[in-house]
Each structure stands twice: as C-alpha cells, then as structure tokens.
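Structure first, commentary second.
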Amino acid sequence: MTRLDRYVFRAAALAFVGTLAVLAGMIWVTQALRELDIMTTQGQTILAFVFITSLALPALILGLAPAALFMAVSHTLFRLNSDSEIVVASAAGISTWRFLRPLIILALLVAAGCTALSIELVPAAMRQFRYEISRVRADVVAFIAQPGRFTTLADGMVFNVRERNANGVLGGIFINDARNPNEVNTYLADRGQVVDTAEGTFLILEEGAIHRRTPGKADSNVVEFQRYAFDLSPFTAAGDNAVYRAPERTFSELLHPDPNDPGYQRDPGRYTEEIHRRLSLPLYVLAFFGIAVAALAEPRTTREGRGLALAATAPYVIVLQVTSFGLINQVRHNPDLIPIVYLVPIVFLIGSALSLTGRFKPRMPAAMRRYIDQMAQRVVRATVD
1 MTRLDRYVFR AAALAFVGTL AVLAGMIWVT QALRELDIMT TQGQTILAFV FITSLALPAL
61 ILGLAPAALF MAVSHTLFRL NSDSEIVVAS AAGISTWRFL RPLIILALLV AAGCTALSIE
121 LVPAAMRQFR YEISRVRADV VAFIAQPGRF TTLADGMVFN VRERNANGVL GGIFINDARN
181 PNEVNTYLAD RGQVVDTAEG TFLILEEGAI HRRTPGKADS NVVEFQRYAF DLSPFTAAGD
241 NAVYRAPERT FSELLHPDPN DPGYQRDPGR YTEEIHRRLS LPLYVLAFFG IAVAALAEPR
301 TTREGRGLAL AATAPYVIVL QVTSFGLINQ VRHNPDLIPI VYLVPIVFLI GSALSLTGRF
361 KPRMPAAMRR YIDQMAQRVV RATVD
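Here the sequence shown stands for residues 1 to 385, numbered as in UniProt numbering.
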C-alpha cells in the first residue's frame with residue numbers, strides 16, 4: 001500500500017471498528033440484561049455471567065457488520081469530500097477507482113470475516129451458549145443451595161435452606177412439592193447433602209419429616225424419617241441430547257443432514273434457507289459498500305450537496321435490506337427463489353460500478369426531492385422571519 005492507501009484504509013477501518021463496537025456494545029447490554037437471572041436466581045458469578053452473555057457477540061457482530069461498513073465508508077468519504085481531499089486527489093490525476101482501492105480491500109476483508117463468522121464461528125458460539133445455559137440451569141446444587149431464599153425449581157416445587165456449610169452440607173431444609181394437584185408433600189429436615197450416583201442425583205435428607213395433605217381436607221399425615229433420598233434427577237438434564245436448530249448447525253451438517261434428525265424431519269426447508277443465508281451474506285456486505293461509494297466517491301466541491309447524496313442512498317439501503325430478508329425467508333418454502341437471492345446483491349454491485357463510471361446515475365425519487373425542497377424552504381423562511 002502507498003501512503004495514500006494507508007491513510008484512507010486507516011480512516012475507514014477505525015470508523016468501521018468504532019461503529020461496530022458501539023452498536024454491538026449497546027445491543028449486547030440489552031441482550032445481557034435478559035439473562036440477568038443467571039446471577040440473581042441461578043447463583044452464578046459475574047465472570048460466568050459475562051462469559052455466557054458474551055457468546056452472543058459473534059452473532060451481533062455478524063448482523064451489524066454490513067450496516068457498520070456502510071456507515072464507516074459513508075463517513076470516511078463524506079469527511080474526505082468535506083476536506084476537499086478527494087478533489088485534490090482527482091486534480092492530481094488519481095482516478096476514482098484508484099482512490100477507492102483501500103476501501104475495496106477493507107470491504108473484501110469485512111466480507112471474508114463475515115463469511116468465517118457465518119460458516120462456523122457463530123454456530124459454534126450459539127451451540128456453546130445453549131450448552132452453558134443448560135448447564136447452569138441444571139446445576140441444582142447452586143440453584144437450590146442459596147441460604148434464606150425460596151427457590152422455584154419447577155412448577156409447584158419450592159426449595160429453601162437455612163444455611164450451607166463449607167463442606168456442602170445443607171442445614172434447615174424445606175421442600176414443598178405441589179406438582180401433583182391431588183397431594184401436596186412438604187419435606188422438613190435438619191440437614192442434607194446432594195449426592196451423585198449411577199442411578200441419578202439425590203438430595204439425602206436426615207432427621208426430618210414428610211407432611212402429606214390432600215387439598216380440601218383439614219388433616220394431614222406426618223411421616224418421620226432418619227434418612228430419606230429425594231430424587232433430583234428430573235431437574236438435572238444438562239441438555240446433552242438437545243436438538244439443535246439450523247442456525248446452530250455446522251455448515252457440513254447443513255449440507256449433509258441426518259435424515260433421522262428430528263429438526264430436519266420437522267422443517268427441511270429451514271436447512272436450505274440457512275445454507276443460502278450464509279453463502280449470500282458476503283455479497284450483501286459488498287452491496288452495502290457499493291451503495292456508499294456510488295453516492296459519495298466522486299469528487300464534489302463544497303458547493304455541491306453531499307448531504308443530499310447521502311440521503312439519496314436511504315431508499316436503496318432499505319430496499320436491499322428488506323429484499324434480502326424477504327427473499328431468504330421465502331427460500332424455505334420456495335427453492336426456485338434461490339438464484340434471486342444471489343442476483344439481487346449482484347445487481348446492486350453492477351449498478352454501483354456503472355454509477356462510478358458515469359453510465360448510470362441514481363436519482364432521488366421525485367416525491368422525496370420535492371419534500372426535502374419544501375422543508376428547506378420552510379427552514380429558510382423561518383430563519384429570515
């Protein structure tokens with residue numbers, strides 16, 4: 001790269017990284033708050049909370065990268081035009097395509113990164129997120145052993161312990177089991193301990209009693225015990241046999257699905273949709289880049305409307321985004337649309353290239369142009385008055 005290439009590339013790359021970090025950070029915070037129960041009710045540490053919620057970042061980055069690239073390239077070209085740097089470069093004999101070379105390199109790098117994320121990294125992160133959530137929620141020891149707190153392990157199942165010693169022994173145990181509407185069992189024990197065996201996971205209660213009562217009846221039966229094993233196995237399924245959704249599958253699993261897989265049997269079209277979503281993503285990244293450079297890459301003087309040129313890209317960005325989502329979602333039920341999924345971003349790329357060569361000039365819709373002119377006239381009149 002020449003010094004000019006490094007200058008333009010550094011400006012655009014910093015803008016892209018900054019934009020992506022801000023957008024991803026803001027959305028990550030909102031998503032992380034939805035999993036706050038990992039700490040508040042599951043007894044996990046702040047480090048576990050940050051690790052688990054950070055597994056959503058690759059998917060956020062993948063979804064935001066095209067928009068971040070568009071904003072970064074638009075900002076860079078807008079600033080270079082405002083400082084007349086593109087005009088000076090053009091006057092020095094540097095063509096528009098030559099000036100765009102570092103930006104094209106950046107766009108290709110972002111497209112390659114999105115490909116790597118969509119093919120393997122994001123599905124792997126989603127699978128790990130599913131596993132971690134299942135593991136945390138299956139950790140009944142951390143879940144129920146929270147002294148002084150009434151914890152609901154399942155519908156109708158409430159636990160409470162008075163204390164937990166350093167060796168794992170629980171003291172002052174209260175269990176109310178109302179899962180069976182015809183019989184409510186209340187377990188009281190002085191102490192207990194969770195034990196894993198080949199038959200399952202049990203809470204061994206010592207020195208206690210079971211109060212059995214039937215709703216609607218005043219009396220109850222009391223059974224005292226010296227030692228009682230309460231079965232916790234139904235609550236400790238760690239999700240090892242979970243059926244992964246298509247977005248969580250590896251690319252090879254999507255290409256060669258197991259015919260006996262319940263997810264594939266239920267909706268095979270979802271696998272086809274996911275394959276072409278991942279393969280077409282780099283083209284849409286480049287299409288967003290093409291819209292930005294087509295609007296702002298040409299040299300403009302300070303008297304020309306760069307803001308209007310940037311505003312004129314809004315309809316094209318909206319059409320591209322809506323069309324991409326709509327088409328890819330329809331592929332599940334109509335495989336004949338698969339070629340159009342790839343054709344749409346290619347058409348935008350060709351249109352952007354023709355715009356840069358001067359053979360095609362996209363115009364703002366007449367209705368929008370008249371509306372903007374009316375708003376400008378109102379502002380002028382209000383300022384004069």
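C-beta atoms are modelled at their ideal positions from N, C-alpha and C, and glycine is treated no differently.
Of the candidates N185, D190 and V184, the residue whose Cα lies closest to the Cα of E163 is D190. Fewer than three Cβ pairs drawn from the stretch 92 to 106 and the stretch 18 to 31 lie within less than 8 Å of each other, which leaves the two stretches out of contact.
Boundaries of the alpha helix (DSSP H) harbouring S355: I338 to T357, taken from the DSSP string. In summary, E248 is buried, with 16 or more beta-carbon neighbours lying within 10 Å of its beta-carbon over all protein chains present.
Restricting attention to D5, I346 and L170, the CA atom closest to the CA of T96 is found in D5. Counting along the chain, F70 sits inside the alpha helix (DSSP H) bounded by residues L57 to S82. Annotated as proximal: R227 and E206, with beta-carbon spacing under 8 Å. Between the alpha carbons of R135 and L69 lies a distance of about 37 Å.
Assigned with DSSP and collapsed to three states, D5 falls in helix.
For G156, the number of other beta carbons within 10 angstroms of its own is below 16, and it is reported as exposed. The beta carbon of A178 is closer than 7 Å to those of G156 and V184 in its chain, skipping five residues each way along the sequence.
Taking a C-beta distance under 8 Å as the contact criterion, L62 and L117 qualify as a contact pair. Not a single unbroken stretch of the alpha helix (DSSP H) spanning 4 or more residues falls wholly within the stretch 178 to 247.
Put simply, of A209, M1, L80 and R266 the residue whose alpha carbon is nearest the alpha carbon of I173 is A209.
In this structure, the beta-carbon distance from A11 to V73 does not fall below 8 Å. The C-alpha of S280 lies about 47 Å from the C-alpha of T201. If you draw a straight line from the Cα of I175 to the Cα of A15, it is about 56 Å long.
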